[in-house]
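Quick notes on the structure that follows.
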Amino acid sequence: MARTGKVQQRRGGLRSGARKLVAVCLSGVVLLSGGSVVATEPVEGLLRRNLDTQASGPQNGSATRENTVTCTLSGSTVSVTPATGASLALSKASLTASFECIGDSYTAVPSEKTKICDESKASNEDDSESCNFGDSNVGSAVTLQEILGASQLIEWTETSTSDKNSILRTLKLTDSDLPRTDKTFVVGCDKKGARNATPTPPCR
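Take the sequence shown: its position 74, counted from the start at 1, is 74 in full-length UniProt numbering, and no numbers get skipped.
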């Protein structure tokens, strides 16, 4: 599952860069409506997130279920809600966003609640496994504080329920937390031990 978005500031004003994202898996290739292409081995629940600073309200096709995306693993099948892929953006109008991983041993990536995956930075030996989805790496793990340019610690809040094997991560920002330049990062869901088992199909 993928999500992408931008924070854009031009000539002292703010304009929205949010786009509705539709993720389609074709032999492990995820196509994004924004024109980006991620060519990987099959990926479990890849969620590409966008930060979008905007002065107006949410755009059409954006936040649904309170700006939450859910990836569900059932047997060897992965499904994503919303099914068509709504944009997941953080903005002045919507400062909270969540992603949920449902399924046995289905867990959030990166594992640390203070971090996200930055595709612009190559992974290093210290965190070579932090941003792996199946056999695919999507960059290096960096802190939310670093990518947002914030002065204080920022982290996801996490809740889990044993009855449906779910992990829900929520990010709540303030206006001052929003970055001034374009930012894109990746988070998502991966099955523990997937690299030693039959690959799980990606979210669609």
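Here a beta-carbon is modelled for each residue, glycine too, at the ideal position from N, C-alpha and C. Keep in mind it's a predicted model, so treat the numbers as computed, not measured.
Taking C-alpha positions only, T184 is separated from K191 by approximately 23 Å. Taken in chain order, the whole alpha helix (DSSP H) runs of length 4 or more contained in the segment 109–187 are 144–148. For a cut-off of 8 Å, the C-beta gap from I167 to A97 is around 15 Å, too long to register as a contact. Here the alpha carbon of F99 sits roughly 23 Å from the alpha carbon of K121. Look at S74 here: in three-state DSSP terms it is strand. Following the DSSP letters along the chain, one finds A97 inside the beta strand (DSSP E) bounded by residues 96–102.
E158 has its alpha-carbon roughly 14 Å from the corresponding atom of I116.
Contact between D177 and A150 holds: CB atoms are separated by about 5 Å, below the 8 Å threshold. When only Cα atoms are considered, E112 and A93 end up about 27 Å apart. Bridge partners of K191 according to DSSP: Y106. Here T68 is buried. Its C-beta has 16 or more other C-beta atoms within 10 Å.
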